[in-house]
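Scroll down for the structure; my scribbles are underneath it.
Residue numbers (my numbering): 18 to 138.
Here is the structure:
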């Protein structure tokens, strides 16, 4: 019974950390918008970014990034995000929701940048 539980937890963790389970490496995207909310927790920080689309409608995108420790190693702090203009490069979610995995982003006014050092497509 214990080994089954360990296998289930292991499979769950593997799925959680699998880029290809959630994101499409063949669908890169660049977004430009304003950060309206930040989820600063492990294992991934989440930026919520208002982006104005081609027809003028504002859509809030969820952007999965590295965890806080990785962001801090690159010189970013929790206080740097909300209210900032941001340019994000990443990959779209497979499920069609406005969700992206960030391969990089730039906080325009703060002139700070994040580049994901993990393997992505």
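Glycine included, C-beta positions come from ideal geometry on N, C-alpha and C.
Owing to the predicted nature of the structure, the values given are computational and were not obtained by experimental measurement.
Would a C-beta distance cut-off of 8 Å place residue i and residue j closer than the cut-off?
i, j, result
"residue 111", "residue 47", "no"
"residue 43", "residue 83", "no"
"residue 66", "residue 51", "yes"
On the three-state DSSP scale, how would you describe residue i?
i, result
"residue 47", "strand"
"residue 4", "Examination of residue 4 is not possible in this model, given that the chain is present from 18 through 138 alone."
"residue 114", "coil"
Using DSSP's beta-bridge definition, name the partner residues of residue i.
i, result
"residue 67", "51 and 77"
"residue 123", "104 and 130"
"residue 56", "63"
"residue 109", "117"
What residues in its chain sit with their C-beta under 6 Å from that of residue i, if we drop five residues either side in the sequence?
i, result
"residue 116", "79 and 110"
"residue 120", "106, 107, 133 and 137"
Pop quiz: residue i and residue j are said to be a contact at Cβ under 8 Å. What is the actual Cβ separation, rounded to whole angstroms?
i, j, result
"residue 77", "residue 53", "7 Å"
Considering only residues of the same chain and omitting the five flanking positions on each side of residue i, which have a CB-CB separation below 7 Å?
i, result
"residue 93", "129 and 131"
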